[in-house]
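Engineer: Same order as they appear, the protein sequences are chains L and Z. The opening position of the first sequence corresponds to residue 11 in the working numbering, with each subsequent residue numbered one higher. The opening position of the second sequence corresponds to residue 9 in the working numbering, with each subsequent residue numbered one higher. Every residue gets a Cβ at the ideal spot worked out from N, C-alpha and C, and that includes glycine. All figures in this text were calculated on a predicted structure; none of them were measured in a lab. Here it is, the structure, as structure tokens.
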Amino acid sequence: MLQRTDASQRGELYRVKLAINGAPHDVEVAPWVTLLDLLREGLGLTGTKKGCDHGQCGACTVLLDGMRVNACLLLAVTCDDRAITTIEGVASLEPTAGGGLHPLQDAFMDHDAFQCGYCTPGQICSAVGLIAEGHAHSRDEVRELMSGNLCRCGAYSNIADAVWQVLRDGTAGEGGR
Amino acid sequence: MIRFDYVRPTSVPDAVKALAAKPGAQVIAGGTNLVDLLKYDVAKPSRLIDINRLPLRAIEDTADGGLKLGALVTNADAAYDVRVAQRFPLLASAILAGASAQLRNAATTGGNLLQRTRCLYFYDPHVPCNKREPGTGCPARTGVNRNLAVLGTSEHCIATHPSDMCVALAALNAVVHVTGPAGERQIALSDFHRVPGDRPDLDNTLERGELITAVEVPFSDFGRHYTYLKLRDRLSYAFALVSVAAAVRLDAGRIDELRVALGGVAPKPWRNLEAEGLLAGAAPERRAYEAFADRLLAGAQGFGDNDFKLGLARRAIVRALTQAVAGTPQSQSDKRVA
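Structure follows, in structure tokens:
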């Protein structure tokens with residue numbers, strides 16, 4: 011049920027309930043606040059990056075009810091009652107025995123799949139979504155279905171290798187599905 | 009970004025009422041285009057009507073063997089639906105040629121029809137644009153127009169419609185279902201988008217207060233004789249410079265029925281039914297495709313940067329018809345053009 015609260019100087023606020031990385035959050039937001047700004051500015055979850063802020067780079071990719079989306083193009087108020095996973099919560103989706111990282115996080119390190127690292131949280135969230143979707147069956151298809159994530163350092167070949175390895179070996183497959 | 013208020017109706021009648029109730033109210037669904045336009049101060053709604061809770065997410069079989077896609081069916085859910093992939097692979101292919109996986113997970117069927125042009129001048133509120141502010145002029149005609157239209161333009165606007173999905177829908181004779189204050193009606197996809205004329209601010213023929221509820225794709229059977237060929241500046245995640253949706257039915261080695269729609273070159277998916285009809289009965293060979301391409305591109309005019317589209321479109325049409333007749337549709341993951 012949509013609930014409004016008292017108008018303040020910032021305009022009317024709307025109450026939004028979100029499950030973020032498994033934890034319930036009950037927040038009040040103005041209707042023009044994006045999910046990305048709520049995560050970063052409102053809740054301090056700065057792992058999700060703001061790259062272009064226009065849906066052209068994928069740095070802000072998060073999982074909304076398990077589906078990868080651009081958080082910069084979602085108004086937070088439209089996400090009421092939905093579950094969000096950010097890079098901060100990816101490891102808990104599927105902790106491996108050793109360091110407690112998600113297999114994709116391990117694979118990105120194994121393959122040196124970054125340089126500056128700014129696109130990496132979005133790349134990894136996107137890859138979690140890609141594996142859960144189940145439509146990529148080759149390295150070429152990984153590249154095509156990861157095309158919504160730009161890497162200005164140009165680590166693409168290593169990113170594709172990392173994602174393809176996890177997809178092919180199935181080490182991250184079942185948990186995401 | 010402008011300040012606006014927000015409502016979240018849960019039924020179509022309530023949404024239509026909310027839309028009519030406040031001047032400047034706008035619908036939001038996936039938001040993948042609208043939120044971007046809000047950030048640029050191009051969209052300036054007084055109120056957003058969030059229709060995500062409306063029961064419009066189903067893909068239903070129709071009596072004739074076609075499909076009806078609810079307005080809120082996401083691009084991904086449409087493209088990967090088994091019935092869509094089997095009955096309308098042209099549609100699935102076109103959707104998967106567009107945007108990125110993230111955007112396709114959020115963007116909706118109705119929103120895809122209603123997305124605005126990506127003309128740079130439209131997106132910049134500091135420069136004139138007849139589509140954004142009627143009467144201010146069109147700097148694109150003599151400016152940066154590499155991505156812009158060569159068909160269906162007017163002296164007031166040379167914007168393109170950016171959709172891939174709509175190009176396939178046009179070729180498939182889709183029908184748009186809408187509900188408004190005066191009730192329900194249907195609009196042929198080919199009549200839905202407008203050429204600019206002297207009203208470039210009007211992208212489509214929706215009446216004020218009307219809401220798209222579904223897009224119906226009638227039964228057709230082109231088998232493997234289809235293709236969606238999209239040519240662009242990078243292999244993925246870019247708007248079309250030229251795209252071609254082609255479907256052919258062959259009978260005894262001759263063309264029985266042909267449908268071709270162009271994207272990236274006009275303010276709406278571009279078809280020419282007369283030119284298609286002229287090819288019925290013709291032998292499927294290159295000379296016929298070239299003659300067809302010339303008829304479909306009749307009257308095309310470049311504006312400098314986009315002059316190349318005339319030759320590119322001609323070659324793309326010929327290539328697409330070759331692919332469709334051969335039954336070798338363009339792969340959307342292996343982008344080599346066969």
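#1: Measure the Cβ-Cβ separation of Z:L287 and Z:L266 and say whether it is below 7 Å.
#2: Please report the distance separating the alpha-carbon of L:G139 from that of Z:P53.
#3: How would you write the range of the alpha helix (DSSP H) that Z:R295 sits in, first residue to last?
#4: Do the stretch 95 to 102 of chain Z and the stretch 168 to 181 of chain Z meet, that is, are 3 or more Cβ pairs less than 8 Å apart?
#5: Return yes when the Cβ of Z:G106 is within less than 7 Å of the Cβ of Z:D172, no when it is not.
#6: Let me know if Z:A324 comes out buried or exposed under the rule of 16 or more other beta-carbons within 10 Å of its beta-carbon.
#7: I'd like to know if Z:Y236 contacts chain L, where contact means its C-beta is closer than 7 Å to some C-beta of that chain.
#8: Taking only beta-carbon positions, decide if L:G65 is within less than 7 Å of chain Z.
#9: Give me the Cα-Cα distance between L:N31 and Z:R91, rounded to the nearest whole angstrom.
#10: Here's the rule I'm using: 16 or more other beta-carbon atoms within 10 Å means buried, otherwise exposed. How should L:M119 be labelled?
#11: Just checking: is the beta-carbon of L:W42 within a distance shorter than 7 Å of some beta-carbon in chain Z?
#12: Starting from the beta carbon of Z:L56, find every residue of chain L whose beta carbon is closer than 8 Å, and list them in chain order.
#13: List in chain order: all unbroken beta strand (DSSP E) runs of 3+ residues lying wholly within the stretch 54 to 91 of chain Z.
#14: Please state whether DSSP places Z:V158 in a helix, a strand or coil.
#15: Between L:D36 and chain Z, is any beta-carbon pair separated by less than 7 Å?
#16: Count Cβ pairs between the stretch 145 to 162 of chain L and the stretch 28 to 40 of chain Z that sit closer than 8 Å; are there 3 or more?
#17: Show which residues of chain L have a CB atom less than 8 Å away from the CB atom of Z:T40.
#18: In or out: Z:E218 buried (at least 16 other Cβ within 10 Å) or exposed?
#19: Considering only the alpha carbon of each residue, which of Z:L270, Z:A100, Z:P275 and Z:E282 lies closest to Z:S339?
#20: So Z:Y88 contacts chain L; which residues on that side make the cut at Cβ distance below 7 Å?
#21: Assuming contact is defined by CB atoms lying nearer than 7 Å, are Z:T1 and Z:L80 in contact in what I supplied?
#22: Take every Cβ of the stretch 159 to 168 of chain Z, pair it with every Cβ of the stretch 182 to 193 of chain Z, and state whether three or more of those distances are shorter than 8 Å.
#23: With DSSP collapsed to three states, give me the class of Z:S198.
#24: Using the Cα positions of Z:R112 and Z:A102, report the straight-line distance between them to the nearest angstrom.
#25: Compute the distance between the beta-carbons of Z:Y245 and Z:A332, then report whether it is under 7 Å.
#26: Ignore the nearest five residues each way along the sequence and tell me which others in Z:G74's own chain have a CB closer than 7 Å to its CB.
#27: Interface residues of chain L around Z:N60 at Cβ under 8 Å?
#28: Determine the burial state of Z:P133: buried for a count of at least 16 other Cβ atoms within 10 Å of its Cβ, exposed for fewer.
#29: Below 8 Å, how does it come out for the stretch 298 to 307 of chain Z and the stretch 136 to 143 of chain Z: are there three or more Cβ pairs, yes or no?
#30: What whole-angstrom Cβ distance do L:G65 and L:C82 have, given they're in contact under 8 Å?
#31: For Z:S348, is the classification buried or exposed, using 16 other Cβ atoms within 10 angstroms of its Cβ as the cut-off for buried?
#32: According to DSSP, is Z:N138 part of a helix, a strand, or is it coil?
#33: Where L:Q19 and L:A40 are concerned, what is the direct C-alpha to C-alpha distance, given to the nearest angstrom?
#34: At the level of alpha carbons, what is the spacing between Z:D229 and Z:L304?
#35: Spell out the partners DSSP gives Z:H185 in its beta bridges.
#36: Are the stretch 120 to 127 of chain Z and the stretch 84 to 97 of chain L in contact at 8 Å, needing three or more beta carbon pairs?
Structural biologist: Let me lay it out:
#1: yes
#2: 32 Å
#3: R294 to L304
#4: yes
#5: yes
#6: buried
#7: no
#8: yes
#9: 34 Å
#10: exposed
#11: yes
#12: P41 and L85
#13: 55 to 58, 67 to 69 and 75 to 78
#14: coil
#15: no
#16: no
#17: G65, N80 and L83
#18: buried
#19: Z:A100
#20: H145
#21: There is simply no residue 1 of chain Z to check, as chain Z begins at 9 and stops at 346 in what is shown.
#22: no
#23: helix
#24: 12 Å
#25: no
#26: E224, V225, P226 and F227
#27: T88
#28: exposed
#29: no
#30: 6 Å
#31: Lying before the first or after the last residue shown, residue 348 of chain Z is absent from chain Z, which here runs from 9 to 346.
#32: coil
#33: Reliability fails at L:Q19, whose pLDDT of 49 lies under 50, so the model's placement of it is uncertain and the value that follows must be treated cautiously. Computed Cα separation, rounded: 11 Å.
#34: 23 Å
#35: Z:Q194 and Z:A222
#36: no
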